[in-house]
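Under the working numbering, the first residue of the sequence shown is numbered 15, with each subsequent residue one higher.
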Amino acid sequence: YYEDALSEEEVDIICGTYKIVHTGHKDPLYYLWWPRPSQWHYSGLNVGYWAPFCEEWFKERLHTIQAGSAQPHGAKEWRMKVTLTKGTHKVRLAVDGTSERFLSDVLCVPRA
């Protein structure tokens with residue numbers, strides 16, 4: 015038996031999440047070394063597969079972390095850093111929809 019998805023705790027570990035509680039603030043702040051899956055999903059880097067430019071982005075981020083010149087970012091900072099081109103997500107959704115219709119209508123593959 016296995017899980018189909020990561021738990022929030024597992025995502026926090028993989029992303030290198032720090033929970034910071036400031037005196038006088040009601041909610042804690044979260045800083046991460048890597049973007050959360052939800053931020054990646056809607057980013058300009060998510061083109062449906064691990065593209066060469068994704069690998070370059072990853073290697074550059076890892077290099078700056080290892081060199082000690084990187085810092086963890088909050089959710090808003092990560093959203094800005096991985097947005098890149100705002101239209102990418104819309105294009106990916108259109109391609110997904112067209113692909114699904116092609117599989118269903120032309121190749122007669124039942125929809126999930």
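Just so it is clear, CB atoms sit at the ideal spot from N, CA and C, and this is done for glycine as well. Because the structure is a prediction, the values reported are computed rather than measured.
Residues near TYR32 by beta carbon distance below 8 angstroms, same chain, minus five either side: Translated into positions along the sequence shown, residue 32 becomes position 18. Cβ neighbours of TYR32 beyond the five flanking positions: TYR44, TYR45, LEU46, PRO86.
Separation of PHE72 from ILE79, as counted between CA atoms: What you label residue 79 is simply residue 65 of the sequence shown in a count that begins at 1. What you label residue 72 is simply residue 58 of the sequence shown in a count that begins at 1. Near 11 angstroms, if we compare the C-alpha coordinates of PHE72 and ILE79.
Which of helix, strand or coil DSSP assigns to HIS87: For the purposes of this step, residue 87 is identified with residue 73 of the sequence shown, where counting begins at 1. It is a strand residue.
Neighbourhood of THR97 by C-beta, 7 angstroms cutoff - its chain only, sequence neighbours within 5 removed: Looking up residue 97 in the sequence shown gives position 83. Excluding sequence neighbours, THR97 sits near SER57, GLY58.
Delimiting residues of the beta strand (DSSP E) encompassing LYS33: If you number the sequence shown from 1, residue 33 lands on position 19. Residues 31-34.
Best match in ILE27, GLN53, HIS39, GLY30 for proximity to ALA89 [C-alpha to C-alpha]: Residue numbering aside, residue 89 sits at position 75 when the sequence shown is read from its first letter. Looking at the Cα atoms, GLN53 is the closest of the given residues.
Spatial neighbours of HIS36 in its chain, beta-carbon cut-off 7 angstroms, leaving aside the 5 residues before and after: Here residue 36 refers to the residue found at position 22 when the sequence shown is read from its first residue. Within the same chain, HIS36 has close Cβ partners LEU43.
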